[in-house]
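A.B. asks: One structure is given below, represented as structure tokens, and several questions about it will come after.
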Amino acid sequence: MQAIGQAAKRAGLKIPTIRFYEQEGLIGAPERTQSGRRLYSDADVRRLSFIRHARALGFELDDIRSLLDLSDHPDRSCADADRIARQHLAGVEVRIQQLKALRKELARTVASCAGGSAAECRVIETLADHAWCEAEHDAPPRVKPRSRARRS
């Protein structure tokens, strides 16, 4: 058994992130010392590492919860895991296409900048008036950071 700091280090997470995962029910309530300090087993650390890796791949917490449930029941079919992963991959592909279009529009806008005063700046004009853009676009969904205490 190990304290939360050691478990965090081994799993590559921050302590508040582990507490958040516990609150979200992704990991069970750990054992505690008489003074109330959390203690984690090697199995807990493996589970935390699983969660960290899934988050690094962009999976949402609900999907991770489902994947953990499947992992906890190795006799079940992996069809649900496959479905979850395929849906996530499809979402990633959509974001990639959106980001490519965004990159193209942004590169065109930057290339049109001739320097000079802000009053005549094409970048500012384009941001102020969408009509300067060549293509219709919305900002793609934000790519989530790897590990943050409240968002991971």
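Okay, so the sequence shown: first residue is 3 according to the working numbering, each after it adds one.
Note that the Cβ used here is the ideal one computed from N, Cα and C, for glycine as well.
Every value quoted in this text rests on a predicted model; they were computed, and no experiment measured them.
1. Between D44, S51, T35 and R34, which lies nearest to T19 when the distance is taken from Cα to Cα?
2. Specify, as a first and last residue, the run of the alpha helix (DSSP H) that L72 falls within.
3. Is L15 near R54, with beta carbons less than 7 Å apart?
4. On the CB-based measure, 16 or more other CB atoms within 10 Å of its CB, does S154 come out buried or exposed?
5. Go ahead and label I98 buried or exposed: buried means 16 or more other beta carbons lie within 10 angstroms of its beta carbon, across all protein chains shown.
6. When DSSP labels each residue in this structure, what does G93 get in the three-state scheme?
7. Near S114, what residues of its chain come up, given a Cβ to Cβ distance below 6 Å and the 5 sequence neighbours on each side ignored?
8. Looking at the unbroken beta strand (DSSP E) that takes in R21, where does it start and where does it end?
9. Please classify A45: does DSSP put it in a helix, a strand, or coil?
10. Pull up the distance between the alpha-carbon of H75 and that of I126, whole angstroms please.
11. How should V94 be labelled, buried or exposed, when 16 other C-beta atoms within 10 angstroms of its C-beta is the threshold for buried?
12. With H, G and I counted as helix, E and B as strand and the rest as coil, what does DSSP make of E107?
13. By how many angstroms is the C-alpha of S43 removed from the C-alpha of A130?
14. Which value, in whole angstroms, describes the spacing of the CA atoms of I86 and H132?
C.D. replies: So, from the listed chains and residues:
1. In terms of Cα proximity to T19, the closest of D44, S51, T35 and R34 is S51.
2. For L72, the uninterrupted alpha helix (DSSP H) run begins and ends at L63 to D74, by DSSP.
3. Yes; because the gap between Cβ atoms is below 7 Å, this pair is in contact.
4. Here the model assigns S154 a pLDDT of 40, short of 50, so the residue's position is not dependable, and the following value carries that caveat. Around the C-beta of S154, 16 or more other C-beta atoms lie within 10 Å, and the residue is accordingly described as buried.
5. Exposed, by the Cβ-count rule.
6. Residue state, collapsed to three classes: helix.
7. Once the five neighbours on either side are set aside, the close Cβ partners of S114 are R124.
8. Taken as a continuous stretch (DSSP letters only), R21 belongs to no beta strand (DSSP E), being part of the alpha helix (DSSP H) at I17 to Q25.
9. Of the three classes helix, strand and coil, the one that applies to A45 here is helix, per DSSP.
10. Spanning the two alpha carbons is a distance of roughly 55 Å.
11. By the neighbour-count criterion, in which a residue is buried when 16 or more other Cβ atoms sit within 10 angstroms of its Cβ, V94 is exposed.
12. DSSP places E107 within a helical segment (H, G or I) once states are collapsed to three.
13. Straight-line measurement puts the Cα of S43 at about 55 Å from the Cα of A130.
14. Straight-line Cα distance between these residues: approximately 36 Å.
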